[in-house]
Every structure is written in C-alpha cells, then in structure tokens.
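Read the structure below first, then the notes.
Spelled out as structure tokens, the structure:
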C-alpha cells in the first residue's frame, strides 16, 4: 500500500498522462516513452541527492554548476589528456564527493547557511568551469570517446535506457538507506528537530554533511550521464537551472523545505511528473516558451492541494482527539463521519 | 485617605474550563487605583490563565470583567490595551535589533509623511525613561541592555500607553538583588502616580515588601487573601501549599551506595571563574535548587556534553569520563531529560515509537537495517511500564499531553542502561496526576542504582522528592541540605547566597 502522498502523486501523473495521450496518442508511442524514460533517469539521479539535503532542512543549489565543472574536467581528461576512462570516471566521482564534503563541512562545522554555501558553490563552480575552458565548448574528438563508458551511460539494454535502469538501482538502494537504515532515520530526525536529535546523542553534523556528500556523489554520477547525453559541454550553459528541476521534483514529491519530510519514491515520481509536463508541452504543440510556466503552475497547484488535504487531515485528528476527551463535548456533533 | 479607592478593575466569578481541566473556578478579584496586589500560588495554580484572560488572549468560560463600571464577558487584546492593562512578561518581548525608543513606540510610531519621525518618538520616550530613573537613553540598542534594563523598557512601554494596571509576571526571576531593589523602588513610584500593579512572584520576600494586599491562588481557586499587616512568609506559604509538603516524599528502598557521579571542580561556560563540586551517589535523588540564572542548567549542559567543560573532571563510578558531546555522555550512561522537552527532548512530529528508540536505534537493527518489530516491541514495553496514554505507537508525540510527552522522553532513556540521569525541571507543564507518576518513576530509577540529579525551581518538588538538596548560587554550590534541614526558607536562604545560620529574616 502506497503512502497517501505518493499515491496522490501517482494518480496525478496518470491523470495528466492519460489526458495527454487522449489529446495526442503519439504520447504513448515507444519512441516517446523511451525518450521520457531516459530524461527521467538523467534528472532523477541527482534529484534524489537534492531530496536528501532538503530532508535535512537544507538545500543544494550547486548541482547544476557541478555538472559543468566536472563535465569539462571529464572531457578534458578523456579527450585531451588521454586518461583512461575508468580513471576519468573516478576523478569525476571523487570530485563530486569532495565538493559535497566541502559544502557539508562549511554548513555543519562553520555553521553557515546551506542556501548561502551552495549558492556560492553554484557561482564558483560555474566560473571555474568557464575559466578552465576559456568559455569554449568542449566535446569528444573522433576516436577518443570512451566507448565502453559511453555505452554504459547512454546505451540501452532490453530497449530500456541505461540512465533509467540506473535511476531505479539508485532509488532502490537509497530507498532502503533512507527508509530502513539508522542513517535514514537520523536524516529525518535532524531535519525535523536538529537540537532534539543532538540531545539524543546523534552526531548531527556528520548526518547533515553526509547528505551533502551523497548529493555531490550523485551529481558526479549524473555528470557522466549528462555528458554522454549531449556529447559536449558548453561551460556557461551546461546544467543551467538543473538544481531548480531537482528542487521542484523533490518538493513535488513531498519533501518539505522545512525539513524532515519526503521519500525516495516521491522524488522519483516528482521527477517523472516534471518530465511528462515538459514532454506534454512539446507533444501538444504548446509554445515551448511556456515550458517553465506550465511547470510552475502545476507545482504550485500540487503543493497547494497537498497542504489543503493535510490541513483537513490534521483537523480531523484534532477533532478525534477532542471527541476522545470526556469534557470536550462542544464540537462533537460536527464530525460523525467515520464510524471507525 | 480613608475613603475606599475607586476600583480600576474587577473580576466577578471568572471561570475557565479547558477540555477535562478546570483552570479557574469562580475567581473574584478587585484591583484598586494605586495599589500593589501581590498574586501568589504554585506553578499551575492558574495565575497565567488569569493573566491571559486579562490580556484578552483567552476568553473566560463564565464570569465577567468590570472596567469603568462596565461589564465585559470577555476582553479582546485591543480592549484590554485600551482599558490600560499592560504586561511586563517573564520572558521579555523586546525586539533586540531595535533601539529603546523603537521598542517603546512599537505599533504606535509617530509619523511624518508616512515615515517614522524618530525625533518625535525620542521626545516621547525620553521623559518616560527619566521618570523610571533609567541609566540609558532612547537611542540605546536593546541588544546591549541587561535584563533589568530591558525590564525598564517594558515598563516604559506600559507607561507610554497610559497603563492603569501593570501586570508583572515574575519580574525579578533574572535580576540581581540590587536590580530587584531598584524595581521595587520603581513600583512604589508607579503606585504614587495612581497606577495599580499586579505583582506575580514566587519570591515571597519581594511580595511581602511591596504588596498592599496578597491574593493566593491554588488549584484554580482563591485560596485566601491577606491584608497588608497579615502578610508574612508563614501565612503566604500556608495559603500556597495548603497541605503537608512531606506527603510527596517516597523513601528509597535501599540505602544509596558509593559510585554514581562525581563532579569535581567543574567549570561551566556560564561562570568561567567558578568551580562546582558535587557528588551524586548511586540510588540517590539529589535535588538541585537555585534561582534562574544560578548556573544549574549550564551545569546540566556540561555534564551532558552540550557545552564544553572548561575545567575539572566528571567521574562515573570512580572512572573519569571525558565528555565532549551528548553522544559521549550517552555512551557513558549519562542521560539528560531537558528543560524544554518540545525543543530538545522530543521530535514532536515523529511517532511515539521513533522517539523512544531514537537514542538507541542501533540496538534494534539487523544487518544495519532498522527492524520495525524490535522497535515496536520496545515501544510497547515502555508504554506499558510508564503507562503512557497514547492511541498507538505511531501517534505523533505532538498530540499527547505534557505529562505523556515527558513520559516518552523518560521511556527513551529507560529503554537503555542509565547510570546517571539529570532531570531539568522534570514536571514543568505536567498536570498534577502525571506529576506523581513521574516522581514514582524517578524514585524507581534511583532504586535501580541510578544516580539522579534533579534540577527544579518548583519548591514543593525539590523539597518533596529529593533525598538531599544542593543549592546553587552564582555558579557554585552554596550549600547542601539533608532531609531534616529541608524547608523552603533554608533553600531560599542558600539560593540568594546567604548562610543558613544567620538570623531569621524580618
């Protein structure tokens, strides 16, 4: 049985998909579905990392710029410096990890606000990437593309894009970590009430920093997928705004910016919904300039509806509690709905 | 001078019923012009509810409030302010980022072309400060003021709205003796100007020295009234307590034994030039009394590893334990039940079960994954043992009553192996029935051989529950009382830094 929030999101996703499919049956064509699956995979991986930081009550604004910086470094290593692909891959993953760790350190040890730290990360990494390449686009030359890695990142197995398969794997692993492990419980605890978590003996700094390290690592992984998706990196535009997609997906998926709420399934569904919306704009012939406007409207409505439902649920609980008390007999007449 | 002064404010038969609790029961009270009315009563006697009714924050269930010959069934916040009722709160409500004048004029700023006229505001505030004998000007930022000075700002604020009744709720709880004297002086000046003051305090000495009349609340009723010449410590305590204090005491099952927790020369960040020496034996409940700001909570924070220890040593069962974080403290069996449970003790949006297992989650895992059934088993055991009243294990703690919330905090620690447990105000905001259950649990814990340090500002609690009482004053232990020495007078004596054997107070 799905939790209420995820179920609602799934229904919304199906509803929008259904309407789109009726308006234009091409929506359900194999090509289109696989294309969407690929994009969901690409965006979902780093959105999960974003979601983790949001669950701790923070945010990571730096992922888009990380793609750019790690992307140009990766292409430079492979195409210009002839470094083997496994080493280059390691470099990118370690790079993401280290950047995440630095941000985590600044947020926990130096007690700086996540918004500020990662905003500065956004600016610094982007600038570094542009300086590194003299602001010119980098691409793979003939013959030096890492064939194996290229296949791993942008190929298909059983017709399914690898990015999508990888997203499922990441989601399963982190789903278990977030919802079943001690670390996952701590993430929620820290997000809900950092002080009480500390008073329960939890090393809150380590937990929070851990979320940023994971976000950095997942950004490193995403870099590889994105680089092979576009096959070149223009440092000034590569990954622009992607952190906002990630935040949108996480929020749509039930993560509260106040922290302590969210689920991996929700984030994946949120990512899927965003990609369906983008796709719908194209496939229904809506001017693509309206792309962001459509996305914004749906997120706004979605979050609004969710809050209204939650408020109603809380009122119902409060009424129930009132009814259970002997003396509070004033409001009971209004709520005899559920017979229990 | 002999005529009966005109009543400024009269409460007639005020009753307030919350679901399941009668907070106030038929309270009738009048406040006259230029009079200081002392209002005393234990925590939970109904003082704050009564004040909130006067402030227009809650509406009474029955009764009426008479102001200027007019009866009101309830007051709104605006009506209360317009009637000249002003508050000087226990926790001061000032904007630290603004200066004194801005705080005094908040919401009523004189305007010029739609902008705040700072000059006119200053001109308005300066005479008020002068009248109160303040040693700071209207331009001083509030940030840099002491608590006593801030209190004057609050009083100036009250005067600026032409207050006729100023309600002071524990105004001296954080003041030094000298500052307290100064405040009492201000009160007598206000009185001379015809302003009435309702003075709420636990400090009976102050009440005695400033009140024209004392009214005591107990369990939501008026327990009695004392005229000026009948106000004595003994009479007030009799009214407040109304029963024998010793009735609370649950004697230990066994003698306390060596070991436990020794605090030797510990220096806390709050008082970097003072040392604390204290030893809590196994099986003993050591009460820690003292005024707010005497360093009790700071000591608790150091013992639990939240604040850094600046010197000295903490030993558990004879072994020195280096503690640099709550994690360390917990590993050495030192647990803290914090003062503010909603902020530090519980994650209120999380379910009961997750709060109970939060500190020992690793014990309920298999292959690094949390085992729900193990968690639930612990939660069920603890719920039964502490009789926590909750609809279920998955109920968010926020919906439970104060007493049951506190039991969840206890359940968290009782499910582990405590050696030393520090309670900081264990029954604050807990109703009377649950209080006794919590005292029983504390005693049970002590009988299991745990050393217990119980910080409390509730005199009845300190005297009723402890096996010994240590009293703190200005960052050090000013004295330790054995059971036969237990009384409110001795505790207060030590709490204000005086010796036990000096002569009986006036």
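Protein chains in written order, with my numbering: chain A, 396 to 735; chain B, 31 to 536.
Glycine residues also receive a C-beta, built at the ideal position from the N, C-alpha and C atoms.
Pairs of beta-carbons, one from the region 66 to 84 of chain B and one from the region 221 to 238 of chain B, closer than 8 Å: are there three or more? yes
Local Cβ density within 10 Å of residue 300 (chain B), reported as buried at 16 or more and exposed below that: Locating residue 300 (chain B) in the second chain gives position 270, counting from the first residue. Classification of residue 300 (chain B): buried, given that the 10 Å Cβ count is 16 or more.
If you reduce the DSSP assignment to three classes, tell me which class residue 140 (chain B) lands in. For this step, residue 140 (chain B) is matched to residue 110 along the second chain. Three-state DSSP puts residue 140 (chain B) in coil, outside helix and strand.
Measuring alpha carbon to alpha carbon, tell me which residue in A:517, A:447, A:559 and A:633 is nearest residue 431 (chain A). Sequence index remark: in the first chain, residue 431 (chain A) carries index 36 (1-based). With distances taken between Cα atoms, residue 431 (chain A) lies closest to A:559.
Note down, in chain order, every chain B residue with its Cβ under 7 Å from the Cβ of residue 587 (chain A). The residue labelled residue 587 (chain A) in the question sits at position 192 within the first chain. Going along chain B in sequence order, the residues near residue 587 (chain A) (Cβ under 7 Å) are 377, 379 and 380.
Thinking just about the alpha-carbon of each residue, which of B:213, B:250 and B:248 is nearest to the one in residue 237 (chain B)? In the second chain, residue 237 (chain B) corresponds to position 207, counting from 1. Closest by alpha carbon: B:213.
Rounded straight-line distance, which links the Cα of residue 455 (chain A) to that of residue 501 (chain A): On the first chain, residue 501 (chain A) is found 106 positions in, with the first residue counted as 1. On the first chain, residue 455 (chain A) is found 60 positions in, with the first residue counted as 1. Residue 501 (chain A) and residue 455 (chain A): Cα-Cα distance of roughly 13 Å.
Between the region 439 to 447 of chain B and the region 369 to 389 of chain B, can you find at least three pairs of beta-carbon atoms closer than 8 Å? yes
So residue 446 (chain A) packs on residue 607 (chain A), CB below 8 Å; how close in whole Å? Taking the first chain and counting its residues from 1, the one referred to as residue 446 (chain A) is at position 51. Taking the first chain and counting its residues from 1, the one referred to as residue 607 (chain A) is at position 212. At roughly 12 Å, the Cβ-Cβ gap does not stay under 8 Å, so residue 446 (chain A) and residue 607 (chain A) are not in contact.
Tell me which residues share the same chain as residue 464 (chain A) and place their Cβ nearer than 7 Å to its Cβ, disregarding the 5 neighbours each side in the sequence. Counting from one through the first chain, the residue named residue 464 (chain A) turns up at place 69. Same-chain partners within the cutoff: 520, 523 and 524.
Assign residue 274 (chain B) to buried or exposed, taking buried as 16 or more other Cβ atoms, counted over all protein chains shown, within 10 Å of its Cβ. If you number the second chain from 1, residue 274 (chain B) lands on position 244. Confidence in residue 274 (chain B) is poor, its pLDDT being 48 and thus under 50, which makes the residue's placement too unreliable to answer from.
Three Cβ pairs or more, each shorter than 8 Å: is that satisfied between the region 500 to 508 of chain B and the region 292 to 307 of chain B? yes
With DSSP collapsed to three states, give me the class of residue 398 (chain B). On the second chain, position 368 is the one that residue 398 (chain B) refers to. Residue state, collapsed to three classes: coil.
Which first and last residues belong to the alpha helix (DSSP H) in which residue 353 (chain B) is found? As a working mapping, residue 353 (chain B) is identified with position 323 in the second chain. Element bounds for residue 353 (chain B): n/a, residue is neither H nor E.
Assuming residue 665 (chain A) is part of the alpha helix (DSSP H), what are its boundary residues? What you label residue 665 (chain A) is simply residue 270 of the first chain in a count that begins at 1. Taken as a continuous stretch (DSSP letters only), the alpha helix (DSSP H) holding residue 665 (chain A) covers 659 to 678.
At the 9 Å Cβ level, is residue 407 (chain B) part of the contact set with chain A, yes or no? Sequence index remark: in the second chain, residue 407 (chain B) carries index 377 (1-based). It does not; no Cβ of chain A falls within 9 Å.
Would you please verify whether the beta carbon of residue 140 (chain B) is less than 9 Å from any beta carbon of chain D? Looking for chain D here will not work: the only protein chains present are A and B.
Evaluate contact between the region 547 to 556 of chain A and the region 578 to 586 of chain A, counting only Cβ atoms and requiring at least three cross-stretch pairs below 8 Å. no
If the cut-off is 8 Å on Cβ atoms, which residues from the region 356 to 372 of chain B count as contacting chain A, listed in chain order? 356, 357, 359, 360, 361, 366 and 368
Per DSSP, the bridge partner or partners of residue 246 (chain B): As a first step, residue 246 (chain B) must be located in the second chain, where it is residue number 216. BP columns for residue 246 (chain B) point to B:70 and B:254.
Rank B:151, B:119 and B:96 by C-alpha distance to the C-alpha of residue 178 (chain B) and give the top, closest one. One-based indexing of the second chain puts residue 178 (chain B) at position 148. Checked all of B:151, B:119 and B:96; the closest Cα to residue 178 (chain B) is B:119.
Just how far apart, CA to CA, sit residue 400 (chain B) and residue 339 (chain B)? Start at 1 with the first residue of the second chain, and residue 400 (chain B) comes out as number 370. Start at 1 with the first residue of the second chain, and residue 339 (chain B) comes out as number 309. Roughly 34 Å separates the two Cα atoms.
Since I believe residue 333 (chain B) is in contact with residue 360 (chain B) (beta carbons under 8 Å), could you give me their beta-carbon distance rounded to a whole number of angstroms? What you label residue 360 (chain B) is simply residue 330 of the second chain in a count that begins at 1. What you label residue 333 (chain B) is simply residue 303 of the second chain in a count that begins at 1. Contact doesn't hold; Cβ gap of about 12 Å is too wide.
What residue does the alpha helix (DSSP H) around residue 46 (chain B) start on, and which one ends it? For this step, residue 46 (chain B) is matched to residue 16 along the second chain. Counting along the chain, residue 46 (chain B) falls outside any alpha helix (DSSP H), though it belongs to the beta strand (DSSP E) covering 37 to 48.
At a CB-CB cut-off below 8 Å, which residues of chain B make contact with residue 580 (chain A)? On the first chain, position 185 is the one that residue 580 (chain A) refers to. What residue 580 (chain A) touches in chain B: 384, 388, 391 and 400.
What residue range does the alpha helix (DSSP H) around residue 640 (chain A) cover? Here the question's residue 640 (chain A) lines up with position 245 in the first chain. From DSSP, the alpha helix (DSSP H) with residue 640 (chain A) extends over 637 to 647.
Any idea what DSSP makes of residue 229 (chain B), helix, strand or coil? Taking the second chain and counting its residues from 1, one reaches residue 229 (chain B) at position 199. Residue 229 (chain B) falls in the strand class under three-state DSSP.
Are residue 342 (chain B) and residue 311 (chain B) close, meaning C-beta to C-beta below 9 Å? Residue numbering aside, residue 342 (chain B) sits at position 312 when the second chain is read from its first letter. Residue numbering aside, residue 311 (chain B) sits at position 281 when the second chain is read from its first letter. Taking 9 Å as the Cβ cut-off, residue 342 (chain B) and residue 311 (chain B) do not qualify as a contacting pair.
N-terminal and C-terminal residue of the beta strand (DSSP E) that residue 428 (chain B) is part of: Looking up residue 428 (chain B) in the second chain gives position 398. Neither: residue 428 (chain B) is in no beta strand (DSSP E) and is coded neither H nor E.
May I ask you to report which of helix, strand or coil DSSP gives residue 438 (chain B)? Sequence index remark: in the second chain, residue 438 (chain B) carries index 408 (1-based). Helix at residue 438 (chain B).
Closer than 8 Å is the cut-off here; do at least three beta carbon pairs connect the region 475 to 494 of chain A with the region 688 to 705 of chain A? no
In the DSSP assignment, the beta strand (DSSP E) including residue 307 (chain B) goes from what residue to what residue? As a first step, residue 307 (chain B) is located in the second chain; it is residue number 277 there, counting from the start. Per DSSP, residue 307 (chain B) belongs to the beta strand (DSSP E) from 306 to 312.
Classification of residue 362 (chain A) by the beta-carbon crowding that lies within 10 angstroms, buried from 16 upward: Here chain A comprises residues numbered 396 to 735, so residue 362 (chain A) is not present and cannot be evaluated.
According to DSSP, residue 453 (chain B) sits in a beta bridge with which residue or residues? Position 423 of the second chain, counting from 1, holds the residue named residue 453 (chain B). According to DSSP, which records beta bridges pairwise, residue 453 (chain B) is partnered with B:367 and B:484.
Quick one: which chain A residues come within Cβ less than 8 Å of residue 442 (chain B)? Within the second chain, residue 442 (chain B) is the residue found at index 412, counting from 1. Chain A residues near residue 442 (chain B): 595.
For residue 481 (chain A), count neighbouring Cβ atoms within 10 angstroms of its own Cβ and tell me buried if that reaches 16, exposed if not. Position 86 of the first chain, counted from the first residue, corresponds to residue 481 (chain A). So residue 481 (chain A) ends up on the exposed side.
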